[in-house]
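Enquirer: Its first residue numbered 1, the sequence shown is counted upward by one per residue in my numbering. Note that CB positions come from ideal geometry on N, CA and C, so glycine has one too.
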Amino acid sequence: MRTAPIRAAAVALMVGCAPVWGGPEYGMDWVTVEDPGNVAYDRPDTNPLFSGPRGSVVYKYRISKTELTNTQWAEFVQAFSPYWEGSPSSFDLTGVGVVTPDNGTTYVAARGVEYAPADVTWQLAAMYANWMHNGKSGERAAFESGAYDTSDWVWDHSNPNSITGTFERQDGARFWIPNEDEWIKAVYYDPNRYGEGQGGYWQWPTASDNPTPADQTSASMSDLARFLPVGSFPDAVSPWGLLDVSGGLPEWLENSLQGSHTVFLVDGSGTGLGWPDAEDWIDWRPQTFRPTTGSIGLRLAARVPTPSVVLPFLFVFAWRRRW
1 MRTAPIRAAA VALMVGCAPV WGGPEYGMDW VTVEDPGNVA YDRPDTNPLF SGPRGSVVYK
61 YRISKTELTN TQWAEFVQAF SPYWEGSPSS FDLTGVGVVT PDNGTTYVAA RGVEYAPADV
121 TWQLAAMYAN WMHNGKSGER AAFESGAYDT SDWVWDHSNP NSITGTFERQ DGARFWIPNE
181 DEWIKAVYYD PNRYGEGQGG YWQWPTASDN PTPADQTSAS MSDLARFLPV GSFPDAVSPW
241 GLLDVSGGLP EWLENSLQGS HTVFLVDGSG TGLGWPDAED WIDWRPQTFR PTTGSIGLRL
301 AARVPTPSVV LPFLFVFAWR RRW
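1) Taking only the alpha-carbon atoms, compute the straight-line gap between Phe313 and Pro307 and give it to the nearest angstrom.
2) Within a Cβ cutoff of 7 Å, which residues of the same chain sit near Val96, ignoring the five residues on either side of it in sequence?
3) According to DSSP, simplified to helix, strand and coil, what is Gly23?
4) Note down, one range per segment and in chain order, each alpha helix (DSSP H) of at least 4 residues found wholly within the stretch 219-306.
5) Taking all protein chains shown into account, decide if Val113 is buried (16 or more other Cβ within 10 angstroms of its Cβ) or exposed.
6) In whole angstroms, what separates the C-alpha of Phe76 from that of Pro211?
7) Let's see if you can read the secondary structure: which residues bound the beta strand (DSSP E) around Tyr128?
8) Measure from the alpha carbon of Ile325 to the alpha carbon of each residue in Asp149, Leu49, Val245 and Thr150, then state which is nearest.
9) When you compare the CB positions of Gly294 and Glu251, do they come within less than 7 Å of one another, or not?
10) Spatial neighbours of Arg169 within its chain, please: C-beta separation below 7 Å, excluding the five flanking residues on both sides.
11) Starting from Asp42, follow the beta strand (DSSP E) in both directions and report where the run begins and ends.
12) Please say whether Pro117 and Val31 have beta carbons closer to each other than 7 Å?
13) What number of angstroms, rounded off, separates the C-alpha of Pro234 from the C-alpha of Asn134?
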């Protein structure tokens with residue numbers, strides 16, 4: 001009987017082959033958005049730039065349950081700071097929730113807002129995705145490629161409107177900024193909307209055709225409510241389990257307006273709004289901002305880990321083979 005050594009070898013191989021991009025090892029809760037090839041939502045709009053079919057995605061993917069927090073952003077800022085060419089205390093780098101007590105040596109989340117949503121620029125959101133893709137390495141290359149190729153980016157810190165480069169998602173990206181279709185599907189689409197296996201879209205991001213009640217979101221609260229911890233309103237949840245789509249901060253999308261790469265789409269409502277019901281509505285058109293704009297949140301998307309096909313064979317072999 002020699003099964004014990006074989007079992008041990010199989011377990012060792014299983015641990016060694018664990019996908020580096022899977023699950024909560026990065027301190028994020030993920031939900032998996034399934035039903036690939038779902039029907040699109042035909043968004044009506046008098047402006048043709050924002051009308052037409054949206055929300056159909058032909059593959060499974062994951063998306064973070066909440067927006068990125070200041071604690072998570074501080075970890076990135078600390079790692080990226082050696083390569084930052086602007087002021088070490090610039091809000092372009094830190095947002096309002098990360099501080100540097102020693103002017104650039106260390107970065108930490110500001111006291112009291114550690115778990116509030118971080119506000120980030122689109123460029124640094126893309127670099128964050130690269131950093132995650134590369135296992136949070138501190139090497140310069142970890143920020144430059146993986147999800148987005150930043151090698152041709154021209155970013156003039158003295159002129160925030162001056163930005164050029166290539167912003168498309170790279171093949172093989174493990175983490176990325178969700179595009180408009182991925183975001184709409186994760187927020188409004190329900191695979192059982194009209195019954196078991198009969199998918200469709202809700203009008204508001206809480207699996208409802210009625211506006212989200214004011215006491216279930218921070219959208220209608222004062223601006224200070226943006227500093228509440230993520231997940232503070234667990235009753236306002238999308239069909240897939242996303243929190244804080246209503247309230248918190250509006251969120252970056254991967255798409256630029258008409259492929260221009262000068263302004264990018266932003267969707268979802270933030271706090272301090274005069275019309276939160278409208279901005280949470282599926283027919284409300286997204287906003288557009290330059291990629292250097294701050295005060296916008298980030299909800300990452302990610303690949304679904306693929307299990308190894310060799311492991312089941314190894315375990316069957318280990319348990320059944322006798323000699």
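Expert: The answer reads as follows:
1) At Phe313, the pLDDT of 38 sits below 50, so the modelled position is not reliable; the number obtained from the coordinates is stated separately. If I take the Cα positions, the gap works out to 13 Å.
2) Asp119
3) With a pLDDT of 42 at Gly23, under the threshold of 50, the predicted position of this residue should be treated as unreliable, though the coordinate-derived value follows. Three-state DSSP puts Gly23 in a helix.
4) 276-279
5) Flag for Val113 reads buried.
6) 35 Å
7) Unbroken run through Tyr128 is the alpha helix (DSSP H), Trp122 to His133; no beta strand (DSSP E).
8) In the structure as shown, the chain begins at 1 and stops at 323. Residue 325 is therefore absent and cannot be evaluated.
9) no
10) Ala147, Tyr148, Trp176 and Glu254
11) Tyr41 to Arg43
12) Contact: no.
13) 32 Å
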